[in-house]
Amino acid sequence: MADPRFYPSSGPQPLAAVAAAAGARIEEGLAARVFRGVAPLAEAGPGEIAFLDGRKHLDALRASRAGAVLLTAELASAAPEGCAALVVASPQLAFAQVAALFHPHPAPVRGIHPTATIGAGVTLGEGCEIGPHAVIGDGATLGARCQVGPHALLGPGVVFGDDCRIHAHASAVCCLAGHRVTLHHGARIGGEGFGFAPTPEGRFVTIPQLGRVILGDEVEVGANSCVDRGALGDTVLGPGTRLDNLVQIGHNVVTGRGCVIVAQVGISGSTRLGDYVTIAGQAGLTGHLSIGSKARIGAQAGVQGDVAPGQDVTGSPAMPVKDALRAALHLRKLGARKPSAGSPGGKPRGED
Amino acid sequence: MADPRFYPSSGPQPLAAVAAAAGARIEEGLAARVFRGVAPLAEAGPGEIAFLDGRKHLDALRASRAGAVLLTAELASAAPEGCAALVVASPQLAFAQVAALFHPHPAPVRGIHPTATIGAGVTLGEGCEIGPHAVIGDGATLGARCQVGPHALLGPGVVFGDDCRIHAHASAVCCLAGHRVTLHHGARIGGEGFGFAPTPEGRFVTIPQLGRVILGDEVEVGANSCVDRGALGDTVLGPGTRLDNLVQIGHNVVTGRGCVIVAQVGISGSTRLGDYVTIAGQAGLTGHLSIGSKARIGAQAGVQGDVAPGQDVTGSPAMPVKDALRAALHLRKLGARKPSAGSPGGKPRGED
Amino acid sequence: MADPRFYPSSGPQPLAAVAAAAGARIEEGLAARVFRGVAPLAEAGPGEIAFLDGRKHLDALRASRAGAVLLTAELASAAPEGCAALVVASPQLAFAQVAALFHPHPAPVRGIHPTATIGAGVTLGEGCEIGPHAVIGDGATLGARCQVGPHALLGPGVVFGDDCRIHAHASAVCCLAGHRVTLHHGARIGGEGFGFAPTPEGRFVTIPQLGRVILGDEVEVGANSCVDRGALGDTVLGPGTRLDNLVQIGHNVVTGRGCVIVAQVGISGSTRLGDYVTIAGQAGLTGHLSIGSKARIGAQAGVQGDVAPGQDVTGSPAMPVKDALRAALHLRKLGARKPSAGSPGGKPRGED
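Residue numbers (full-length UniProt numbering), protein chains in the order written: chain R, 1 to 352; chain L, 1 to 352; chain P, 1 to 352.
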């Protein structure tokens, strides 16, 4: 169960409400049965809802004491006795919806904290919550029901749409954002890109960074991640794109819709991603690349060239996954082998 | 010598006090000799204490002008004339203790800065120091003598034990912490994990993250590091675990006691570490792994499988250190060799 | 064109002023022609100035509608009709100067925001701007015309020279900085280094970190980057050194003049860099290394040994670039090759 100190509960809820949230049909006789909340399959009790994350967890399901389980039709018969089977197309999505039924995200508490600093000509939509010590610069515009956390900074002239959540210590300058955008703690949006020119005397002169950051609807930027503004023109994160924590996005990077960028990834300036590109943790992309839609880039990959749509690459330097796995296998074999004066690396022998 | 603008000194101190702090015995005739502070072996003068960090620095010891040196019994005879030998089991540990004698960590200055924002129902232990613009949420509980720096945020309901240090700009939400826990500047504890489910239309729906972060006694989290809270259940850093700067800890990661995690490491969700695991800089661990106690993971390693207790791995993908060194050696040899149409990669030929 | 909500313009400007800013000579007849601003070659219109970044963009130049272009003498004849050629030694540098003519960095607005907290004995130079909720500790000294952003923290006793820019949420403690130093959003200067000694009982005792951070003139530290202070002695970034975002600098690292350190690089304790060293993104350097002047370290490189002046290395473990490229080529070939029981890893066999 979620700790009530941190997660107030709307429960108990009747199964009818649970099924409605999940988009599942249930036997009418069960509709009034009440549940307290959600839990993992292995820990759920009779008053809790769990979900089955694929066939590999069938054993856990059979042993589960959960009162109800969200699962797909083909696995529904595996639910043990006493556990109501809630059949859905995506148990994970349904679980998200049911969890949000029990623990809805706290609605904004309308008002401006007395310690907040609001600039001249700021427009706040209906029902915004502005937290302690938040700073909103002159001429900024926020839509309805935005939550701006403690110490957050929205710079002069920025625009955010409705239902945005700017968590504590996040900052955004030179930024235009859509609806339902979330910036997590300490995210840095719109900082100066890394651009400078050397002088003949060996000094560096900053090239004025005169662009913006455009965040599409439902973009999320993780804790302490950085998205630099464009040098000229814009850095763009397409609608639904999600960045995990400690990600670096260089100036003039452009992503399409629904890209997923895992923690500690770095993308250098002017690289462009299509839609639904996924990049696993700690991968790095050099600048000015083109990454096709639905391409998948492996953890710690070092991408130095374009990637075609739908292609899976990994390794540093990156290559197609099949090749990288083979190369890794060879490398392991090399590792298991005592080096000698001979092949493959030593003094050439015979005709080699 | 430490800059007195930043490090007030308790000195001068008699050698008797130094020896007591270090747990060293000294000749009685030296007990009253006074010292001003600590310094590296190469720079210490007659009024300063240095330490010998192993046999490889014996030459530096012989040339040193230090007035006293902390060293092990077997190397004690190497101290030059005029340099008092303070024999201890661990010179490094003794040095830490002697340095803290001269420059004790500033005690909290009891009180709440007038610009701080303290929520309803907050419990502060005896002697806490709450800095300017700090924010403590409703119902939070802090033990005795905690120091909360400027702009730090402790969210509603969090619990911290005695003698915790929350440095400037750090934030902790959904967190239960033990005694003597330290969060360095900009550390982010308890943010939402990276969990979401796709809809049929290609949108992503956040899976409510309903867990907590549990920090054991004496845990330290480095500057701008991020520890996400559990999705369901908890993310746990065991007692004494230390994270360097810019580290990423995913939701539901669990570490044992005394793990050491160097800068820019990333650990994905639900991976579990035993006790005293060490992970060198920039290494990455995928999710749902089990890393045995006292395992050691090399810098930039990419760990994609379980690691047995006491095992040393490195490389990306990670393999046992001995194998990785050999593989690297082979790779260097390959690098030194002109590629040809033949082996090792091309069409296989005859005797290769 | 730069968005006027974020970038107020000094334009229009006569070409004479543009040429003066760029150090270019122009035909007298053109001096009075006016321009509105700067733009990329492909987007610039007749009222805008672009620059030619080398021969590879000659086609873009020929197709450009720009009213004027900054370029080198040898390419000047390629400017299309109606596009004034402004001949300069470095078009990139000249572009930086012209962009700054149209969009000068906003001068500090002299004054201390009423929500800022200024300690006892603070010295502020002429014309400083201290933003909302900024905190300046006792005894700190700032030169003339410094800008301290919202929520920034300058700790007790720190010293900054003239014309420094401390952006929002940045913090600096135990730090002495020169003139024209810039800390970007959330940069962390002077935190405790990662130093501790184990006790016989398996606890870790922090070794007091008693050094400072010294930042030379014109140093820049990127968003959310961390520079730990020295353990004993100092961490030093030499004049003109630039750190991108999310960089980690360990205690007692010393860099020379004009080093360029790209995003997410990590440098471990006590490593020393000469002048004009460049380190590409996500590279890692272990501690106590010596990196010679003008050495260049590739993206994601893992440097475990000294690097000679002027040497280029890459790969993990790092090797000379030429060797690393060859090794990568071999690795690609290995990847393209089906593994077998035979070579290159197993027992060599005749017919393989």
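Built from N, CA and C at the ideal position, the CB exists for glycine as well. Just so it is clear, the structure is predicted and the values come from calculations on it, not from any experiment.
task = With R337 (chain R) as the anchor, note down where its beta strand (DSSP E) starts and where it stops.
result = Careful: R337 (chain R) lies outside any beta strand (DSSP E) and carries neither H nor E.
request  = Could you say which of L:G186, L:V135 and L:A328 lies nearest to L334 (chain R) if we only look at CA atoms?
outcome  = L:A328
ask   = On the three-state DSSP scale, how would you describe S77 (chain R)?
value = helix
inquiry  = If you follow the alpha helix (DSSP H) that V219 (chain R) is in, where does it begin and where does it stop?
reply    = It is not in any alpha helix (DSSP H) - V219 (chain R) carries neither H nor E in the DSSP assignment.
inquiry  = Would F95 (chain P) pass as an interface residue toward chain R - the criterion being a Cβ-Cβ separation below 8 Å?
reply    = yes
ask   = Which bits of chain L does A327 (chain P) rub up against, with CB to CB less than 8 Å?
value = L331, R332, L334 and G335
key: Neighbouring residues, chain R, relative to P132 (chain P) (Cβ below 7 Å)   = T117 and V135
key: Span separating the alpha-carbon of S10 (chain R) from that of G190 (chain R)   = 38 Å
inquiry  = Any C-beta of chain P within less than 7 Å: which residues of the segment 17-37 of chain R qualify?
reply    = none
inquiry  = Which complete beta strand (DSSP E) runs does the segment 34-107 of chain P hold, if anything under 3 residues is left out?
reply    = 48-51, 68-71 and 84-87
Enclosing beta strand (DSSP E) for A19 (chain L) [first to last residue] = That residue, A19 (chain L), is in no beta strand (DSSP E); its alpha helix (DSSP H) goes L15 to A22.
query = In chain order, what residues of the same chain have a beta carbon less than 6 Å from the beta carbon of G310 (chain L), not counting five sequence neighbours either side?
reply = K294
inquiry  = Between V277 (chain L) and chain P, is the shortest Cβ-Cβ distance under 8 Å, so that the two count as touching?
reply    = no
query = What is the DSSP secondary structure of M1 (chain R), reduced to helix, strand or coil?
reply = coil
inquiry  = Using a Cβ-Cβ distance cut-off of 8 Å, determine whether D306 (chain P) contacts chain R.
reply    = no
ask   = Using Cβ-Cβ distances below 7 Å, what residues of the segment 176-188 of chain R are close to chain P?
value = G186 and R188
task = Please list the segments of the beta strand (DSSP E) lying wholly inside the segment 161-185 of chain L, counting only runs of 3 or more residues, in order along the chain.
result = 175-177
request  = Return the residues of the segment 258-286 of chain R that lie within a Cβ-Cβ distance of less than 9 Å from chain L, sorted by chain order.
outcome  = G258, V260, V262, A263, Q264, D275, Y276, A280, G281 and Q282
key: Presumed contact (8 Å Cβ cut-off) between F150 (chain P) and D138 (chain P), rounded CB distance   = For the sequence presented, residue 150 (chain P) should be read as Pro rather than Phe. Not confirmed; about 21 Å, so no contact.
message = Can you confirm whether S171 (chain P), when its beta carbon is compared against all beta carbons of chain R, has any partner nearer than 8 Å?
response = no
task = Give the straight-line distance between the Cα atoms of A20 (chain P) and G143 (chain R), rounded to the nearest whole angstrom.
result = 44 Å
key: Inter-residue spacing [alpha-carbon to alpha-carbon] between G342 (chain P) and A263 (chain P)   = Its pLDDT being 42, under 50, G342 (chain P) is placed unreliably in this model, and the coordinates cannot settle the point.
message = Taking DSSP's pairing of strands, which residues face R212 (chain P) in a bridge?
response = P:D234
message = Quick check: the Cα distance between F6 (chain R) and C174 (chain L), rounded to an integer number of angstroms?
response = 6 Å
task = Please name the residues in the segment 315-326 of chain L whose beta-carbon is closer than 9 Å to at least one beta-carbon of chain R, in chain order.
result = G315, S316, P317, M319, P320, K322, D323, A324, L325 and R326
inquiry  = At the 8 Å Cβ level, is F6 (chain L) part of the contact set with chain P, yes or no?
reply    = yes
query = Under a three-way DSSP split, which group does E129 (chain R) fall into?
reply = strand
key: Within-8 Å CB hit, R110 (chain P) to chain R   = no
key: Close-in-space but distant-in-sequence residues of the same chain around S270 (chain L) (CB under 6 Å, 5 per side omitted)   = N252, G287 and H288
task = Anything in chain P within Cβ reach of H151 (chain R), meaning under 9 Å, just list it in chain order.
result = H133, P150, H151 and H169
The segment 185-201 of chain L contacting the segment 198-209 of chain R, beta-carbon criterion three pairs below 8 Å = no
message = On the DSSP bridge list, what partners appear for C259 (chain R)?
response = Answer is none; C259 (chain R) lacks a bridge partner.
request  = Spell out whether any CB of chain R is found under 8 Å from the CB atom of L246 (chain P).
outcome  = yes
ask   = Among all the DSSP beta bridges, which residues are the ones paired with L153 (chain P)?
value = P:V135 and P:S171
message = So, at 6 Å on beta carbons, what are the nonlocal neighbours of R257 (chain R) in its own chain, with the 5 sequence-adjacent residues on each side left out?
response = G238, P239, G240 and D275
task = Measure the beta-carbon distance from A140 (chain P) to A187 (chain P) and round it to whole angstroms, keeping in mind my assumption that it falls under 8 Å.
result = A140 (chain P) to A187 (chain P), Cβ: 17 Å. No contact.
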